[in-house]
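Chains as they are written, first to last, in my numbering: chain A, 31 to 153; chain B, 24 to 532.
No residue lacks a Cβ here, since even glycine has one placed at the ideal position from N, Cα and C.
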């Protein structure tokens, strides 16, 4: 068996981190977590996850800046980066997409839907 | 200076104590409310009243952080609430207010028990009525209550500072120690084997010493966590036999080096408990390491695990120096080390067994030690962990369903705590915005906080807070988008929404 996909979860709120890492772990994924954009870049480059799930608004370095920076890295062009977001404002979502986010999961979405959405990106 | 009014003479100390204090009087009787106000207001305090529990909670909810009421007088029986429950509600978010229970004859017992649940004193209604002119006894009781609360708050702050200091120091020690450890490892593991035997020996000594030091630091760190109430378990259903095997395998290396025998007895059937495997292993490691340390060369150590009716029973028995009855009672307390010749030279923080006890109890188990206090007859440590519930009949896990290992209760708890902080932050931001409604940076900041609150509420499915936060989000977003400053009615609505969120939160707590 191949090793299960590794997912990097980045959110400054412990609830979101805990929720998504529990949800993903119990569905057989490996999970590492970070709490800001700077950590996301370091962890992503070090561990090469299969997918990144990252909040947009975070202290120190937000998800937009982190995604933008990650996308400049040759190895990080095609990795799915999914926003965990509480915003439903189309303009904000467009801004996230422009920065290089692949998709967005609503923080209030029920867990099954969120998981299905993430799994789509893992093929 | 004596402050004089028509009813009372107030001595300056009392006047100083009550000046500008905010007081909430909660009583369904209008007569008693105004009577109490009549006594307290002349002392220079600012009084406010509430007739029901709901009103009291709403008024308390409007005041957070430093703005909480200085004194709350709480009737024991209210039409819509039990005074003691109300007290507990208020205490969950507010440890600063002095709270005094007010009761009739029948309620003395309850009022006394309230003092164990966070009240700072109690007053009897009949005493109030009896002292028509002279309220000095009543006022003295309030002063005592103020002092009691000041003591509690000071103690809490000291505890917090101490715990912070403790954990800060330990972290600052552990990180550099880990760096040294990793660096030494790199020298020995670089694959080139170009060190002299002497150099290798030196590195081994250094790593051994460092290992001991890190062990001590970890003990202190664990203790600091426990002391600050942060010991969190990460439980899952585990076969305890596997933990015993892992721990005893490690210990057998040590016991062999001292010529001790280690016998392990495990049941044939799995012994499944919902437990934090790492922590249970830590308990066993600790007990085994003690057994190893306190048992002379050539001694015996026995480890057994057995499934009882509803709990798993672990025994770690040795043929060591033993513990006298008087020492047994102090065994699980802070810094306890067994004194004497036979224990000299043994390294330890004295925190090990305290940590062990906390871990076992956090699992809902018990621990005790037995010894005759006779050298060679040794000591037996016995601890129990509840077995996993039999109702765990998982057959086919439904895909995408809420997985069993999401700890909803813990999420809720983090949510409540975080939401409390977010509400306090929004409260401050809104206050700023009332003065400067066009400060975009502050609006954006508020929007970020609202997003987190909303997202978290969504995550734990507290839909009322989610939709209230969504309304706030809308108002803030509109202002940012259109570039128009928040007007007065926007501000009013934001503040109202925040109050409503606060109320929902109070109910959830």
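Judged by their CB atoms, residue 308(B) and residue 325(B) are not nearer to each other than the 9 Å cut-off. Look at residue 479(B): its C-beta is under 9 Å from a C-beta on chain A. Considering only 243(B), 247(B) and 66(B), the residue with the shortest C-alpha distance to residue 166(B) is 66(B). For residue 308(B), the enclosing alpha helix (DSSP H) begins and ends at 300-317. About 13 Å separates the beta carbons of residue 405(B) and residue 355(B), which is beyond the 8 Å limit, so they are not a contact pair. Every unbroken stretch of the alpha helix (DSSP H) spanning 4 or more residues and falling wholly within the stretch 135-214 of chain B is given here in chain order: 148-153 and 159-211. Within the DSSP bridge table, the entry for residue 393(B) names 403(B) as partners.
For residue 60(B), the secondary structure class from DSSP, reduced to helix, strand or coil, is helix. Within chain B, the residues whose beta carbon sits less than 8 Å from that of residue 45(A) are 434, 437, 438, 441, 479, 482 and 483, listed in sequence order. Residue 33(A) sits in coil when the DSSP states are folded into three classes, being neither helix nor strand. Identification of residues in the stretch 458-476 of chain B having a C-beta nearer than 7 Å to some C-beta of chain A yields 471, 474 and 475, given in sequence order.
In the assembly as shown, residue 52(B) is an exposed residue. Its beta-carbon has fewer than 16 other beta-carbons within 10 Å.
Across the stretch 497-530 of chain B, CB contacts with chain A closer than 9 Å involve 500 and 504, in sequence order along the chain.
Inclusion of residue 495(B) and residue 520(B) in the CB contact set at 9 Å is warranted, their separation being smaller than that value. Looking at the DSSP output, residue 335(B) sits in a beta bridge with 330(B) and 408(B). Contact annotation: the stretch 84-94 of chain A touches the stretch 108-126 of chain A, with at least three C-beta pairs closer than 8 Å.
Look at residue 489(B): its C-beta is under 9 Å from a C-beta on chain A. Taking C-beta atoms under 8 Å as the contact rule, residue 524(B) and residue 492(B) qualify, at a distance of about 7 Å. Using a C-beta cut-off of 8 Å, the stretch 208-218 of chain B makes no contact with the stretch 266-277 of chain B, since fewer than three inter-stretch Cβ pairs fall below that distance. Between residue 298(B) and residue 238(B), the C-beta spacing is not below 9 Å. Excluding residues up to 5 positions away in sequence, 112 lie with their Cβ nearer than 6 Å to the Cβ of residue 133(A) in the same chain. Assignment of residue 91(B) by DSSP, reduced to helix, strand and coil, places it in the coil class. Using a Cβ distance threshold of 9 Å, residue 398(B) and residue 344(B) count as a contacting pair. Contacts with chain B at 9 Å (Cβ-Cβ) do not include residue 63(A). Residue environment for residue 264(B): buried (at least 16 other C-beta atoms within 10 angstroms of its C-beta). Under the Cβ criterion (8 Å, minimum of three pairs), the stretch 90-108 of chain B counts as touching the stretch 44-61 of chain B. When CB distances to chain B are screened at a threshold of 7 Å, the residues of the stretch 79-109 of chain A falling below it are 87, in chain order. Taking a C-beta cut-off of 7 Å against chain B, the contacting residues of the stretch 109-128 of chain A are 116, 117 and 119, listed in chain order. A straight line joining the alpha-carbon of residue 36(B) with that of residue 78(B) spans about 32 Å.
In the displayed model, residue 526(B) falls within a helix according to three-state DSSP.
Interface criterion met: the Cβ of residue 430(B) is under 9 Å from a Cβ in chain A.
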